[in-house]
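Remember, the numbering used here sits 472 above the position in the sequence shown when you count from 1.
Note that CB positions come from ideal geometry on N, CA and C, so glycine has one too.
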Amino acid sequence: MFGEDHFVMMFGGLHIEMAAFKAFGSWLEDSEWTSVLVNAQVTSPGTADSFLKASPVTTTRRTHQVTACTLYRLLSNAYCQYKDVLRYDESIREANFLLYIEALSKIIPWFFALDHTNYSRWLPIRLRDMLQLPKKNPETHKAILSGNPFCHQDRERNFPVWLLIKPTNKNNAYVKADGGAVGLTENPGVLHRWMVAGPEMASLVNEFENVTECFVYTNESYKPHHEQILSFQESFQTDCRLNSCG
473 MFGEDHFVMM FGGLHIEMAA FKAFGSWLED SEWTSVLVNA QVTSPGTADS FLKASPVTTT
533 RRTHQVTACT LYRLLSNAYC QYKDVLRYDE SIREANFLLY IEALSKIIPW FFALDHTNYS
593 RWLPIRLRDM LQLPKKNPET HKAILSGNPF CHQDRERNFP VWLLIKPTNK NNAYVKADGG
653 AVGLTENPGV LHRWMVAGPE MASLVNEFEN VTECFVYTNE SYKPHHEQIL SFQESFQTDC
713 RLNSCG
């Protein structure tokens, strides 16, 4: 009835907690953690040093909880600020002109702060022009709010929405792949001819490929956007998991 096989020996829970906090104290000893606590007026210098030895344990526990909550808040704030950088891309994908204006207003100060001269000079003018559209050109502003001509939606795909410069880049890609657009910027005359004839050439190349079906999946309706491909999405998820603590 009282044999040793009927008993389980347990370490004291409080003593394990104290030992764990002492181990954390050894880890944090040269990290300036105590200096941060003092500068933040959480505690006095002498008391802060005692936390490294988990004495007293109740106050040490509270201080670690405060530290963890503060770090989480800082991480959340950093995430929100960093996420704002991607709001510009979101505004384009959703053809959201108001979000586009908001994103520009948040991006512009970074061009000034990091000495990107051209965009710090011209983006504020772009932003001012867009903000004045309701008064200067209300019809254009109304059309832009509907996503046109602010963005271009590829009718052959559900995704993505582009700024108007993107279809031009797409046309360039068509002709470059056919060997018809090389060294344009080195010769003004060639560049001018390309500006006039390039879009028509791209249309002819695309039409020829679709009619002759000489390439596999030439028709763009069969091609998903590269971000819709399963391998891309799996790779993105893997990278996020590898770089997260969870």
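The beta carbon of residue 707 lies closer than 8 Å to none in the same chain, with the five residues before and after it left out. Residue 572 sits close to residue 602, with the two beta carbons spaced by under 9 Å. Within the same chain, 489, 493 come within 8 Å of residue 533 by CB-CB distance, once the 5 residues on both sides are set aside. Along the segment 542-577, the alpha helix (DSSP H) occurs as fully enclosed runs of 4 or more residues at 559-565, listed in sequence order. By the 16-neighbour rule on beta-carbons within 10 angstroms, residue 550 is exposed. In the structure shown, residue 513 adopts coil according to DSSP, grouped into three states. With a cutoff of 9 Å on beta-carbon distance, residue 510 and residue 516 are scored as near each other. When the alpha-carbon of residue 539 is set against those of 680, 589, 504, the nearest one is in 504.
Between residue 563 and residue 574, the C-beta spacing is below 9 Å. In the DSSP assignment, residue 590 falls within the alpha helix (DSSP H) that extends over 589-603. With respect to the C-alpha of residue 514, the residue from 542, 500, 588, 554 having the closest C-alpha is 542.
Rounded to whole angstroms, the separation of the alpha carbons of residue 547 and residue 536 is 16 Å. When secondary structure is reduced to three states using DSSP, residue 525 falls in the coil class, being assigned neither helix nor strand. For residue 586, there is no enclosing alpha helix (DSSP H), since its DSSP letter is neither H nor E. Between the alpha carbons of residue 500 and residue 527 lies a gap of roughly 15 Å.
Judged by DSSP secondary structure, residue 487 falls within the alpha helix (DSSP H) whose first and last residues are 485-500.
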